[in-house]
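**Q**
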Amino acid sequence: MQLPDGTSLVGRRGTVGAWILYVLLSPLLLVYNVAGLVGGYGRPDWHLPSRTAWRPKGGLGLGLAPLKFYGMTDKYKVRASRLDMRVVYAQAVLHEWDG
Numbered sequence: 540m541q542l543p544d545g546t547s548l549v550g551r552r553g554t555v556g557a558w559i560l561y562v563l564l565s566p567l568l569l570v571y572n573v574a575g576l577v578g579g580y581g582r583p584d585w586h587l588p589s590r591t592a593w594r595p596k597g598g599l600g601l602g603l604a605p606l607k608f609y610g611m612t613d614k615y616k617v618r619a620s621r622l623d624m625r626v627v628y629a630q631a632v633l634h635e636w637d638g
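Counting in our numbering, the sequence shown runs from 540 upward without gaps.
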């Protein structure tokens, strides 16, 4: 995402915390999905972490991200007052279309 002041923000799907939680809970998710298949409850419900944090390009990735997407609740959180809300809305639309 390119901001009007020239700053570039980069978002990668799945934050470090989300991937750690995913790895720790994946055995339980496997049991849950197998039980669902055996019990006839439908297709598997297996999702990779979808939490996304947009941070300055070239940075270490530490600190508070100006924009975050929380995959469990499908909500965006804007932390920086320097972000133009029109750019944030456009990014949210593109993020939703990308899936």
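From the three backbone atoms N, C-alpha and C, an ideal C-beta is built for every residue, glycine too.
So, for ALA592: in the same chain, excluding its five sequence neighbours on each side, which residues have a beta-carbon less than 7 Å away from its beta-carbon?
**A** Counting only Cβ-Cβ distances below 7 Å, and skipping sequence neighbours, we find GLY550, THR554, ALA604 and LYS607.
**Q** Using the beta-carbon count (16 or more within 10 Å), is LEU622 buried or exposed?
**A** Result: buried.
**Q** What does the Cβ neighbour count give for LEU569, buried or exposed, with the cut at 16 atoms within 10 Å?
**A** Its Cβ having fewer than 16 others within 10 Å, LEU569 is exposed.
**Q** What's the gap between the Cα of ALA631 and the Cα of GLY597?
**A** The alpha-carbon atoms of ALA631 and GLY597 are separated by roughly 22 Å.
**Q** Roughly how far, in whole angstroms, is the beta-carbon of ARG582 from the beta-carbon of TYR609, given that I think they are within contact range, below 8 Å?
**A** No, ARG582 and TYR609 are not in contact; Cβ-Cβ is about 24 Å, not under 8 Å.
**Q** Classify LEU564: buried if its beta carbon has 16 or more other beta carbons within 10 angstroms, exposed otherwise.
**A** LEU564 is exposed by the Cβ-count criterion.
**Q** Do LEU548 and PRO595 come within 8 Å of each other at the CB atom, strictly closer than that value?
**A** Yes, these two residues count as a Cβ contact at 8 Å.
**Q** Does ARG625 come out as helix, strand or coil in the three-state DSSP assignment?
**A** Three-state result, ARG625: helix.
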